[in-house]
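Chemist: First the structure, which I've put down as structure tokens, then a few questions once you've had a look.
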């Protein structure tokens, strides 16, 4: 959708909102590629959450009285209202009170992941990084205090996840100065580099590590009373049913129920299994068990070095046809690099890291597909191409790096709304098949396997949080249906326990995009233009699904 440079009252409130959100979550700002918040660590205390909620209530009230005459303003207003609702729902859920994890999705592991991806193109960036580390100990202590608050309310983390978090913390503490903190390289030729490195090391040893030890010690105290793996989901917590209702709304932006989503997941799995048998039969794979076993074994068919080369080749094929998929602005090529050791060792799947905006003439990092060369995860076997297309082109890179190039697009709309972001990326895996990007039948089967993976997560997410599934039941469900390494699938179950509802976004968003495309084709008939449809889906940045429907309907309705 065409953006304008005129700063309307709606645009002003959008800019106020995004500044407030990024001030509260400067790690998120860094992930978004916005450097202006790089000096900050998040404000994580209970009072900070109360203050943020109050500010969001004021902004939401102001937005209620606004209306937009121009299409772009109406879209932005819809995004503002949705963002206020989703952020306030997140505050109400108070996940910091009951979450422990060894993965970079929450708590102290996030700090190390942010540090590992930090680039320092100039001395200001180096100074900002040191300032962030100086504030990080207080952030970790605030996280520890929130866990104490949770204990007082009977809101406890999951026992197995506590074990993982304590083990992770012990390993990090044993390093003294963890590698992640030393990863950022100071500007070349800077005379102050040596002194700066000493300050970084001293800050880590004297402030961050003691705070991490305090976090670890509290988790050790909580372990005997932690949530049982027999009932680890939201439904085991006081007020958990209301929490999960908010999770669903946050991550789908649609009025859906856990029952509807669970049923959709199970029905889609049946469809995908039929497609997998169709593709597997010519390969001698005639039932679910044989297909899952072959896919799981495929992870070891390549070395890590061979896999990353194959990922680069797949992305290059997709970039070559990108002009056929969508109009400009098209982003520069996506980088493909091994992810930092700290991130890879946690078992993280390959994933996309957005471009980092530079200061003046000093540039930041390019959009990059981070590949895990340390531990077998998704994206290394027959599913390699599907994951590359999902994370890079025509998936997240085509989405997020492109959004940075759209003139006048509010920064708020460059932040991810999970259902739009992940829905597009899952749709991109299917789009790659439409355009013949998969190299052979095994790669096509790998794509079906990845669709199965996203769908199975929808089933276990609702199972765990709404229907009282045990952790073991969720793991068994994944292992019998998804052809990925066992350790990775166990991590995926724990990911659902760490960020309830997030797994619902992938299939929900993709189904909405497919539905909107079919409706546009019915309206336009032979005049339907796929590139223009994709421009409508991506041209306003990341938007909630009801707003996306308005955008697409307007763009694909005959005058």
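In full-length UniProt numbering, the protein residues as written are 1 to 559. Built from N, CA and C at the ideal position, the CB exists for glycine as well.
#1: For residue 241, does the three-state DSSP call read helix, strand or coil?
#2: Closest to residue 268 by C-alpha separation, out of 453, 223 and 308, would be which residue?
#3: Tell whether a beta-carbon distance below 8 Å holds between residue 485 and residue 292.
#4: Alpha carbon to alpha carbon, how far is residue 144 from residue 21? Give it in angstroms, no decimals.
#5: In chain order, which continuous runs of the alpha helix (DSSP H) of length 4 or greater are located wholly inside the stretch 160 to 213?
#6: Can you name the residues that DSSP bridges to residue 335?
#7: Where DSSP assigns a beta bridge to residue 579, which residues make up the other side?
#8: Taking the alpha-carbon of residue 438 as reference, which of 204, 387 and 71 has the nearest alpha-carbon?
#9: My understanding is that residue 10 touches residue 66, with C-beta atoms under 8 Å, so please give their C-beta distance in whole angstroms.
#10: Measure the Cβ-Cβ separation of residue 403 and residue 414 and say whether it is below 8 Å.
#11: Using only CA atoms, which one of 129, 250, 142 and 106 lies nearest to residue 504?
#12: Hey, quick one: how far does the alpha helix (DSSP H) through residue 353 stretch, first residue to last?
#13: Can we say the stretch 163 to 183 touches the stretch 235 to 243, given the rule of at least three CB pairs closer than 8 Å?
#14: If you drop the 5 nearest sequence neighbours on each side, which residues of the same chain put their C-beta closer than 6 Å to that of residue 425?
#15: In or out: residue 522 buried (at least 16 other Cβ within 10 Å) or exposed?
#16: What are the start and end residues of each continuous alpha helix (DSSP H) run of 4 or more residues lying completely inside the stretch 72 to 133, in chain order?
#17: State the Cα-Cα distance for the pair residue 491 and residue 375, rounded to the nearest angstrom.
#18: Got a sec? Which residues, its chain only, sit under 7 Å from residue 77 by beta carbon, not counting five neighbours each side?
#19: Could you give the C-beta distance for residue 315 and residue 393, rounded to a whole number, given that I count them as a contact under 8 Å?
#20: Do you know offhand how far residue 361's Cα is from residue 13's?
#21: Compare the C-alpha of residue 511 against each of 44, 422 and 155 and name the closest.
#22: Classify residue 13 as helix, strand or coil using the three-state DSSP reduction.
#23: Taking only the alpha-carbon atoms, compute the straight-line gap between residue 407 and residue 535 and give it to the nearest angstrom.
#24: My assumption, with CB atoms under 8 Å, is that residue 500 sits in contact with residue 247. Please give the rounded CB distance.
#25: Determine, using beta-carbon pairs with one atom in the stretch 449 to 464 and one in the stretch 211 to 228, whether at least three such pairs fall under 8 Å.
#26: Between residue 548 and residue 18, is the Cβ-Cβ spacing less than 8 Å?
#27: Cβ of residue 196 within 8 Å of Cβ of residue 41?
#28: Roughly how many angstroms lie between the CA atoms of residue 481 and residue 473, to the nearest whole one?
#29: Does DSSP put residue 523 in a helix, a strand or coil?
#30: Shortest alpha-carbon distance to residue 236 belongs to which of 153, 281, 179 and 274?
#31: Quick check on the burial criterion: 16 or more other C-beta atoms within 10 angstroms. Buried or exposed for residue 444?
#32: For the pair the stretch 94 to 106 and the stretch 147 to 165, tell me if three or more CB-CB distances fall below 8 Å.
#33: Quick check: what's the CA-CA separation for residue 428 versus residue 340?
#34: If you count every other CB in all the chains shown that lies within 10 Å of the CB of residue 323, and 16 or more means buried, which is it?
#35: CB-CB under 6 Å to residue 483, same chain, minus the five flanking residues each way: which ones, in chain order?
#36: Go through its chain and collect everything with a Cβ distance to residue 104's Cβ below 6 Å, but skip five positions before and after it.
Modeler: Reading from the atomic positions:
#1: helix
#2: 453
#3: no
#4: 22 Å
#5: 179 to 182 and 193 to 203
#6: 368
#7: Absent from the structure is residue 579, since the part of the chain shown begins at 1 and ends at 559.
#8: 387
#9: 6 Å
#10: yes
#11: 250
#12: Where residue 353 is concerned, there is no enclosing alpha helix (DSSP H), although the beta strand (DSSP E) it sits in stretches over 351 to 353.
#13: no
#14: 390, 395 and 396
#15: exposed
#16: 108 to 116
#17: 12 Å
#18: 10, 63, 66 and 68
#19: 6 Å
#20: Because the pLDDT at residue 361 is just 33, under 50, the model does not fix this residue reliably, and the point stays unresolved.
#21: 422
#22: helix
#23: 14 Å
#24: 5 Å
#25: no
#26: no
#27: no
#28: 13 Å
#29: helix
#30: 153
#31: buried
#32: yes
#33: 26 Å
#34: exposed
#35: 292, 295, 296 and 449
#36: 110 and 113
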